[in-house]
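Below is one structure, written out as structure tokens, with a few remarks after it.
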Amino acid sequence: MSTSPTSVGLGGDGDEIVAIGEVEHAFGVKLDKSHAAQWHTAGDVFASLCQALPSDNCGEDLWPRFAQVLTDQTGVNPKAIEKASPLLSQSRRWVYVADASAVVWIAAAGVMLALVGWAML
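Residue numbering for the sequence shown follows our numbering, beginning at 105 and increasing consecutively.
Laid out in structure tokens, this is it:
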């Protein structure tokens, strides 16, 4: 039975920008972001990293360090990440959590405004 690779766990809410910046900082390079739209997996970003590094610096021994840096934002076990691992989380539950949180805050603000209005009468 085959299972899909573990996701890097990025949410698509800006944390991917931070993660790429951390990769650049950790390896002292600037990645060619003109190809960023095609970065769907950890292996895609790793390939861009290898292009930015001198050719003799990019071997398989670099992968564990790369995976550690890439997953620092998400808390995903870097040893579970492989080149086919999707960058974005497979689960979109965080979207529903964010929506629910926004509804709660809007409702709380409405209640507070109603109380303030009532108190001013």
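Note that the Cβ used here is the ideal one computed from N, Cα and C, for glycine as well.
Every value quoted in this text rests on a predicted model; they were computed, and no experiment measured them.
Asked, Found
"Cut-off 8 Å between Cβ atoms - residues of its own chain near GLU186, not counting five sequence neighbours on either side", "PRO109, THR110, ALA146, GLY147"
"Backbone CA spacing between HIS139 and ASN181 [nearest angstrom]", "26 Å"
"Cα-Cα separation between GLY113 and ALA218, rounded to whole angstroms", "40 Å"
"Residue environment, GLU164, which counts as buried when at least 16 other CB atoms sit within 10 Å", "exposed"
"Identity of the residue in ALA213, VAL173, TRP209, GLY214 nearest ILE121 by Cα", "VAL173"
"Span of the alpha helix (DSSP H), counted from its first residue to its last, around PRO190", "Note, PRO190: premise wrong, no alpha helix (DSSP H); not H, not E."
"Rounded C-alpha distance that separates GLY116 from GLU126", "16 Å"
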